[in-house]
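Take a look at the structure below.
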Amino acid sequence: MNKTLILLPALWLVACNNSTQPEVSISDKLQTETDSFLTAYTAEFQKLYYASALAEWELNTHIVEGDTLTSKKAEEAGEAFAAFTGSEANIKAAQKYLEQKEELTDLQVRQLDAVLYAAGANPQVAADIVKQKIKAETEQTKKLFGFDFKINGQSVSTNEIDGILEESTDLKERLAAWEASKEVGAELKGGLENLRDLRNKSVQALGYEDYFNFQVSEYGMSTQEMLDLNHQSIADIWPLFRELHTWARYELAEKYDQPVPEYLPAHWLPNRWGQEWSPMVKADGLNFDAALEAKGSEWIIKEGEDFYRSLGYGKLPETFYTKSSLYPLPEGADYKKNNHASAWHMDLENDLRSLMSVEPNTRWWNTVLHELGHIYYYQAYSTDTVPVILRGGANRAYHEAIGTLIGLASMQKPFLLQKGLLPKDVESDEIQTLLKEALDYIVIMPWASGVMTDFEHALYSENLSVDQFNQKWWELKKKYQGIIPPAEKRGEEYCDAASKTHINNDAAQYYDYALANVLLFQFHMHIAKNILKQDPHNSNYYGSKETGQFLLALMAPGATVDWKENLQENLGEGISAKAILEYFNPLMAWLKTENEGREHTLPETV
Ligand code: X8Z
Ligand code: ZN
Numbered sequence: 220m221n222k223t224l225i226l227l228p229a230l231w232l233v234a235c236n237n238s239t240q241p242e243v244s245i246s247d248k249l250q251t252e253t254d255s256f257l258t259a260y261t262a263e264f265q266k267l268y269y270a271s272a273l274a275e276w277e278l279n280t281h282i283v284e285g286d287t288l289t290s291k292k293a294e295e296a297g298e299a300f301a302a303f304t305g306s307e308a309n310i311k312a313a314q315k316y317l318e319q320k321e322e323l324t325d326l327q328v329r330q331l332d333a334v335l336y337a338a339g340a341n342p343q344v345a346a347d348i349v350k351q352k353i354k355a356e357t358e359q360t361k362k363l364f365g366f367d368f369k370i371n372g373q374s375v376s377t378n379e380i381d382g383i384l385e386e387s388t389d390l391k392e393r394l395a396a397w398e399a400s401k402e403v404g405a406e407l408k409g410g411l412e413n414l415r416d417l418r419n420k421s422v423q424a425l426g427y428e429d430y431f432n433f434q435v436s437e438y439g440m441s442t443q444e445m446l447d448l449n450h451q452s453i454a455d456i457w458p459l460f461r462e463l464h465t466w467a468r469y470e471l472a473e474k475y476d477q478p479v480p481e482y483l484p485a486h487w488l489p490n491r492w493g494q495e496w497s498p499m500v501k502a503d504g505l506n507f508d509a510a511l512e513a514k515g516s517e518w519i520i521k522e523g524e525d526f527y528r529s530l531g532y533g534k535l536p537e538t539f540y541t542k543s544s545l546y547p548l549p550e551g552a553d554y555k556k557n558n559h560a561s562a563w564h565m566d567l568e569n570d571l572r573s574l575m576s577v578e579p580n581t582r583w584w585n586t587v588l589h590e591l592g593h594i595y596y597y598q599a600y601s602t603d604t605v606p607v608i609l610r611g612g613a614n615r616a617y618h619e620a621i622g623t624l625i626g627l628a629s630m631q632k633p634f635l636l637q638k639g640l641l642p643k644d645v646e647s648d649e650i651q652t653l654l655k656e657a658l659d660y661i662v663i664m665p666w667a668s669g670v671m672t673d674f675e676h677a678l679y680s681e682n683l684s685v686d687q688f689n690q691k692w693w694e695l696k697k698k699y700q701g702i703i704p705p706a707e708k709r710g711e712e713y714c715d716a717a718s719k720t721h722i723n724n725d726a727a728q729y730y731d732y733a734l735a736n737v738l739l740f741q742f743h744m745h746i747a748k749n750i751l752k753q754d755p756h757n758s759n760y761y762g763s764k765e766t767g768q769f770l771l772a773l774m775a776p777g778a779t780v781d782w783k784e785n786l787q788e789n790l791g792e793g794i795s796a797k798a799i800l801e802y803f804n805p806l807m808a809w810l811k812t813e814n815e816g817r818e819h820t821l822p823e824t825v
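Below you can see the structure in the form of structure tokens.
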């Protein structure tokens, strides 16, 4: 995830009115006053943001059982940031200037809106709730990432669990790994219920309907519009997903030598949440795990940087390498770290870091490129033309799209051949390649736009009862993903939703990934067809400065622009699933033939 402008709160400020000359127009005077307010606000904001990011970084990279000092520091820094951004003085000042927004510049209005949005997460009127929320969030992070996953009493890392789910054909072993991965959810259930209430109450104090609505509002959309957009995207890709689901049931039944199940048992799939299924395709010419293994983890990161540099971007600052936490902890370490990948814009300038546990395999290759996408995005808008408080994506989905786009490009054959990651004489089957891609990029859609989005909407906007958390979760998994629990029922003693990182620490934003997926195919089709003039299924971005410039035009303005306008300007179209459908269109005919005579268990429409 992208750890920027995550609204961590307030000193108060008085805007100074230093201009009284009569020849200055009202508008000039107001603009000057607004600028002084924003300058003073920004300086304090950035200082407190950095302090809070540093403390959060420590909390996420050095988790020691029984240590309370690190979390105390993180809470204090979070409270200082919350107190500043949520202060009544800042809210009043921003509101006062916005009353005369016609007299202000667009950039000033955007910054004042950002001041109010930042206040929304931590309003001083709800100071006690905000304090409790910060504490509860810190506790949840510690529990989530300090959790000791165990299979048959033996501690295992999440990388090891993922390895079993990707590789093992032993259903007993798979079940043990899947069940082990869910234990953490039960532990986090109470915390999630508490956080739901605290998150809702914090934002309601400033007039948002609930926390889901607060997060959606950053897109300039209503809750209903966001739900509609997500449901429409699922409807658009549903016929293809339904074929993939049918294909997967038959394929996996054969692999495990089992009868074909009506729905997919969760432990059959190569991912803890069934969100991406591409490891199911192991065709020669598509598998470069062995090549990556030989190159090693450091090489993957350097090669990732090299890819971005080939597009015309600069070197990463030395501190990226010295301050990031890029690899798994050494065996026997007496502390733990956050096991989910993220990118951090620590000071909203040059202190750029990533938190990962890179191992040399395809999954991490993609994740490295994804995280570097965030890092290069941070660099793109850390310029004089983008005010510090607008250093975010045009929207959050844009931020998620860039790195995943480069991940997609980096898996196409011409690039892999150029890098020597595939042997020169490799035979590859285009349909198998497309199938492998669809098992990630199509399969994630009903998960992200459906299961995650509807669950968090139910949680925050509909106040889902705590004794229905797991029931709701599995109802949505079945409806959208066609996935069922390994055994008859997963009762309310579990909380499988809370086994997903974002449910705990990146709340009510997961549709970002679904929208990113839709957008990135729009970007990709444009790049392949109009810039590279290559087949979108066999393209090579490497070395294309023009592609770099195109992506820079999306990234460099940060949040100083309206995302819908930016999309129109750069692509001449609005957000639409047309591109992703066009890309995967050739696969549909193949799947239909493969699935002929097979029973489809998902309905024709969702
Ligand atoms: O969380 C991530 C990134 C960090 S921003 C690794 N992703 C989602 C996930 O893992 O659930 C990337 C795709 C979906
Ligand atoms: Zn991300």
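Residues in the sequence shown are numbered consecutively from 220, following the working numbering.
Ideal Cβ placement from N, Cα and C applies to all residues, glycine included.
What is the DSSP secondary structure of proline 484, counted as helix, strand or coil?
Note: proline 484 maps to strand in three-state DSSP.
Could you check whether the Cβ of isoleucine 661 sits closer than 8 Å to any heavy atom belonging to ligand 1?
Outside the cutoff, so no.
Tell me which residues pass a beta-carbon proximity test against ligand 1: closer than 5 Å to any heavy atom, given in chain order.
Per the Cβ criterion, the list is Met220, Ala560 and Tyr732.
Taking only the alpha-carbon atoms, compute the straight-line gap between aspartate 389 and glutamate 473 and give it to the nearest angstrom.
If I take the Cα positions, the gap works out to 13 Å.
Rounded straight-line distance, which links the Cα of alanine 613 to that of arginine 418:
Cα-Cα distance, rounded: 24 Å.
Examine ligand 2 and report whether any of its heavy atoms sits within less than 8 Å of the Cβ of alanine 667.
False, no ligand heavy atom lies under 8 Å from that Cβ.
Short check: CB of alanine 194 to CB of serine 255, under 9 Å?
Residue 194 lies beyond the stretch modelled for the chain, which goes from 220 to 825, so this question has no answer here.
Would you mind sorting arginine 393 into buried or exposed? The rule is 16 or more other CB atoms within 10 Å of its CB.
Counting Cβ neighbours within 10 Å, arginine 393 comes out buried, since at least 16 surround it.
Relative to the alpha-carbon of serine 576, which residue among Asn585, Thr602, Ser544 and Ala599 has its alpha-carbon at the smallest distance?
Closest in alpha carbon position to serine 576, among Asn585, Thr602, Ser544 and Ala599, is Ser544.
Which word fits glutamate 815, buried or exposed, when buried means at least 16 other C-beta atoms lie within 10 angstroms of its C-beta?
Answer is exposed; the Cβ neighbour count stays below 16.
One question on the structure: do glycine 531 and glycine 767 come within less than 9 Å of each other, judged by their Cβ atoms?
In this structure, glycine 531 sits near glycine 767, with a CB-CB distance shorter than 9 Å.
Cβ neighbour criterion (16 or more within 10 Å) applied to leucine 227:
Confidence at leucine 227 is low in this model, with a pLDDT of 37, below 50, so its placement is unreliable and no value can be given for it.
How many whole angstroms separate the CB atoms of threonine 623 and alanine 735, which I take to be in contact at a CB cut-off of 8 Å?
Contact annotation, threonine 623 with alanine 735: C-beta distance approximately 6 Å; criterion of less than 8 Å satisfied.
For the candidate residues Tyr482, Ala509, Ser601 and Asp503, whose alpha-carbon lies nearest to that of proline 822?
Looking at the Cα atoms, Tyr482 is the closest of the given residues.
Let me check understanding here. Comparing Cα to Cα, which of Phe742, Ser684, Glu818 and Ile348 lies closest to glycine 791?
With distances taken between Cα atoms, glycine 791 lies closest to Phe742.
Identify the continuous alpha helix (DSSP H) that holds alanine 270 and give its terminal residues.
Run containing alanine 270: 245 to 280, per the alpha helix (DSSP H) assignment.
Grab me the residues of leucine 635's own chain with a C-beta within less than 7 Å of its C-beta, minus the 5 sequence neighbours each way, in chain order.
Excluding residues within five positions, the ones whose Cβ falls inside 7 Å are Phe507 and Leu641.
State yes or no: is the C-beta of glycine 622 nearer than 8 Å to some heavy atom of ligand 2?
Because some heavy atom of ligand 2 lies under 8 Å away, the Cβ of glycine 622 counts as near it: yes.
Nearest to valine 825 (by Cα), restricted to the options Ser668, Ala808 and Pro776:
If you compare the alpha carbons of Ser668, Ala808 and Pro776 with that of valine 825, the shortest gap goes to Ser668.
How many angstroms separate the CA atom of histidine 589 from the CA atom of tyrosine 617?
Rounded to the nearest angstrom, the gap between the Cα atoms of histidine 589 and tyrosine 617 is 12 Å.
CA-to-CA distance, serine 718 to glycine 365, given in whole angstroms:
Between glycine 365 and serine 718, the C-alpha separation is close to 13 Å.
Segment limits, alpha helix (DSSP H) that includes arginine 572
Careful: arginine 572 lies outside any alpha helix (DSSP H), inside the beta strand (DSSP E) at 571 to 574.
DSSP beta-bridge partners of histidine 564:
Partner(s): Leu571.
Who are the near neighbours of leucine 459 in its chain, counting only those whose CB is closer than 8 Å to its CB and skipping five residues on each side?
Contacts found: Ala657, Ile661, Leu800, Phe803, Leu806, Met807 and Leu810.
Should glutamine 343 go down as buried or exposed, given a rule of 16 or more other Cβ atoms within 10 Å for buried?
So glutamine 343 counts as buried.
Given threonine 812, which residues of its chain have a CB within under 8 Å of its CB, disregarding the five upstream and five downstream residues?
For threonine 812, where only same-chain residues beyond five positions count, there are no Cβ hits under 8 Å.
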